Amino acid sequence: MGAKAGPPEVLGALAVLGLGAALLCLLWEAPWLTPWGQRHPQEGPAGSPGCGSSPAWEPLGGEVQWLWRNSCRLVLVESHPQDLPFAAGSPSAQPLAQAWLQLLDAAQESVHIASYYWSLTGQDIGVNDSSSQLGEALLQKLLQVLGRNVSLAVATSHPTLAKNSSDLRVLADRGAQVRSVPMGRLTGGVLHSKFWVVDGRHVYLGSANMDWRSLTQVKELGVVVHNCSHLARDLEKTFQTYWVLGAPRAVLPKHWPHNFSSHINHFQPLRARFDGVPTTAYFSASPPALCPHGRTRDLDALLAVMGAARRFLYVSVMDYFPTTRFSRPPRYWPVLDNALREAAFGRHVQVRLLVSCSLHTDPRMFPYLRSLQAFSNPAANVSVDVKVFIMPVGNHSNIPFSRMSHSKFMVTEKTAYIGTSNWSEDYFSSTSGVGLVASQRASGPRPRLSSVQEQLRQLFERDWSSRYAVGLDGQAQGQDCVWQG
Ligand SMILES: *[C@@H]1O[C@H](CO)[C@@H](O)[C@H](O)[C@H]1NC(C)=O
Ligand SMILES: *[C@@H]1O[C@H](CO)[C@@H](O)[C@H](O)[C@H]1NC(C)=O
Ligand SMILES: *[C@@H]1O[C@H](CO)[C@@H](O)[C@H](O)[C@H]1NC(C)=O
Ligand SMILES: *[C@@H]1O[C@H](CO)[C@@H](O)[C@H](O)[C@H]1NC(C)=O
Ligand SMILES: *[C@@H]1O[C@H](CO)[C@@H](O)[C@H](O)[C@H]1NC(C)=O
Ligand SMILES: *[C@@H]1O[C@H](CO)[C@@H](O)[C@H](O)[C@H]1NC(C)=O
Ligand SMILES: *[C@@H]1O[C@H](CO)[C@@H](O)[C@H](O)[C@H]1NC(C)=O
Ligand SMILES: *[C@@H]1O[C@H](CO)[C@@H](O)[C@H](O)[C@H]1NC(C)=O
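Read in the working numbering, the sequence shown has 265 at position 238, and its numbers run on one by one without any break.
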């Protein structure tokens with residue numbers, strides 16, 4: 028690809044000249060715009076919107092800007108809990124608190140936030156600890172944003188985990204709009220999603236709730252995509268599903284109206300240069316009842332990423348249960364477990380699973396982990412390894428529900444998946460979640476930028492080879508996971 032006027036600029040120029048959506052669509056199919064990977068629009072679900080059927084590029088004005096600027100920038104973010112040092116020189120992502128404050132500083136018009144629950148102050152959970160200060164600063168920043176006449180809309184779960192939190196009342200008093208989505212009544216789950224859409228241009232998505240502990244006491248992983256209105260507007264459609272369900276007396280629609288449909292999905296991901304690097308990306312959502320036409324289901328996204336792995340498949344999740352967790356009686360649900368075994372056995376993919384282990388870990392998880400580990404069979408070239416991540420509690424035992432790895436991501440040699448769901452059935456059938464599936468071509472014009480999947484692999488390997496990751500042999504049956512060392 029030439030370094031100068033690349034196809035996106037050409038497209039932008041054409042669009043500025045006032046050519047119609049049909050021509051844009053035609054050009055979009057041109058081979059030089061898809062220089063890597065394979066595009067199979069015909070694989071889409073029957074009647075899926077796209078070029079040739081309904082106009083996939085309706086809001087032409089917006090698209091033109093995107094094609095012209097081609098300005099998307101993707102940054103991995105994570106929290107670095109206190110007293111969790113990694114070896115010097117270890118890779119790291121941008122600190123989550125910094126990324127959030129930066130997004131709020133950039134906000135000019137609107138901030139839309141979906142979060143399971145809120146507890147940004149120590150007072151919210153009755154804890155007096157200096158590590159709550161970053162969360163309190165974030166709350167102050169949100170108040171400043173409201174003071175700048177930026178609109179703030181919050182979708183959260185009802186009932187909520189943090190019953191004593193005053194954050195949302197304080198924000199509402201200053202003009203924030205807050206809707207609690209009664210997921211229990213609607214789907215039998217909770218609103219467990221965690222993402223932001225800022226100015227319809229920037230997004231955050233990841234494991235962190237709006238909780239001060241997510242900034243200083245819990246290990247989290249997420250992603251920010253800056254200056255990417257195309258992706259941001261697509262994620263906004265998922266925010267809007269929560270927004271309408273949070274209205275008084277709302278019911279689940281049988282069919283979501285056409286304007287909630289997504290044109291960016293597993294079959295037709297966004298294809299663009301992010302920072303010059305050819306990138307594909309799309310968002311998934313769960314549960315299926317909250318997936319309007321064209322939205323890839325979160326479980327299908329996970330299975331697609333797993334199914335495409337050929338060399339390695341690394342997973343970092345908080346909890347791993349091949350069962351239901353909240354429905355009674357519990358059901359066996361081996362969908363993801365089978366997919367891991369299938370990759371290891373059928374394609375000799377190297378599988379690694381890193382699961383959180385903390386004071387609150389349900390010990391009933393261990394038989395499933397041991398079963399997966401037992402599947403490993405070097406003589407048959409089947410490689411499966413399971414470790415638990417145990418974060419030292421140190422002198423932080425005064426803080427409830429902390430000192431755990433809350434991250435939920437997966438990485439293969441091809442693709443990065445960053446999500447919000449634990450791996451058990453409920454998260455894919457009744458509880459809401461979102462995921463970002465992204466893949467970058469390794470060598471862009473700036474080779475020093477490694478692809479998102481390579482960055483995520485490095486973070487996984489850092490955790491996997493750290494002293495906090497312990498093989499199952501080191502784990503006595505029934506033992507809780509409080510670090511004694
Ligand atoms: C919430 O507030 C009530 C009443 O003030 C108190 O009894 C309870 O312990 C608080 N819960 C938490 C988690 O702080
Ligand atoms: C919180 O703890 C600090 C000392 O660590 C103390 O000075 C302060 O008064 C405490 N605040 C409350 C509200 O208890
Ligand atoms: C605040 O924003 C609203 C809507 O964007 C606008 O109508 C109003 O004039 C703004 N007020 C100030 C003081 O900027
Ligand atoms: C987003 O774009 C604006 C202007 O187009 C630029 O000033 C800003 O630095 C960009 N943000 C990032 C993170 O690249
Ligand atoms: C679709 O249109 C309805 C009615 O105008 C609106 O309430 C809803 O927010 C829209 N949905 C999206 C995703 O924009
Ligand atoms: C084991 O699997 C790997 C990965 O597919 C492959 O490269 C290697 O040749 C296999 N070795 C044997 C002995 O089958
Ligand atoms: C907590 O432990 C860390 C080291 O693990 C130490 O640096 C810090 O001073 C301790 N804080 C208190 C209040 O004891
Ligand atoms: C899943 O994650 C949430 C927080 O993200 C946590 O509260 C819950 O206990 C986890 N475990 C299960 C099995 O649902």
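For every residue, glycine included, the Cβ atom is placed at its ideal position computed from N, Cα and C.
Model, not experiment: these values are computed from the prediction.
According to the DSSP assignment, residue 339 belongs to the beta strand (DSSP E) that extends over 339-344. With a threshold of 16 other beta carbon atoms within 10 Å, residue 446 meets it and is buried.
With three or more CB-CB distances shorter than 8 angstroms, the segment 206-219 counts as touching the segment 447-460. As far as DSSP is concerned, residue 365 takes part in no beta bridge.
With 16 or more other Cβ atoms inside 10 Å of its own Cβ, residue 257 counts as buried.
The beta carbons of residue 147 and residue 173 sit no closer together than 8 angstroms. Residue 324 is bridged by DSSP to 312. The straight-line gap separating the alpha-carbon atoms of residue 405 and residue 395 is approximately 20 angstroms. With respect to the C-alpha of residue 299, the residue from 293, 292 and 307 having the closest C-alpha is 307.
With respect to the 8 angstroms criterion, residue 239 and residue 161 are classified as neighbours on the basis of their beta carbons. Shown here, residue 187 sits in coil according to DSSP, grouped into three states, outside any helix or strand. Within the same chain, Cβ atoms closer than 6 angstroms to the Cβ of residue 460 are found at 219, 220, 313, 325, 447, 448 and 454, the five residues on either side in sequence being excluded. Boundaries of the alpha helix (DSSP H) around residue 210: 210-214.
Relative to the Cα of residue 469, the nearest Cα in the group 366, 488, 486 and 443 belongs to 443. From the listed residues 242, 411 and 492, the smallest Cα separation to residue 373 is found for 411. Rounded to whole angstroms, the Cβ separation of residue 184 and residue 143 is 5 angstroms, and the two are in contact under 8 angstroms. Residue side-chain check: residue 287 places its Cβ nearer than 7 angstroms to a non-hydrogen atom of ligand 5.
Put simply, of 141, 393 and 466 the residue whose alpha carbon is nearest the alpha carbon of residue 500 is 393. Taken in chain order, the unbroken stretches of alpha helix (DSSP H) that lie wholly in the segment 393-439 and span 4 residues or more are 393-401.
For residue 199, the enclosing alpha helix (DSSP H) has its first and last residue at 194-200. Distance check between residue 331 and each of 367, 356 and 345 places 367 closest, using alpha-carbon atoms only.
Sequence-distant partners of residue 483 (beyond 5 residues in either direction) whose C-beta falls short of 7 angstroms from its own C-beta, in its chain, are 103, 436, 438 and 443. For residue 256, the shortest C-beta to heavy atom distance toward ligand 4 is 7 angstroms or greater.
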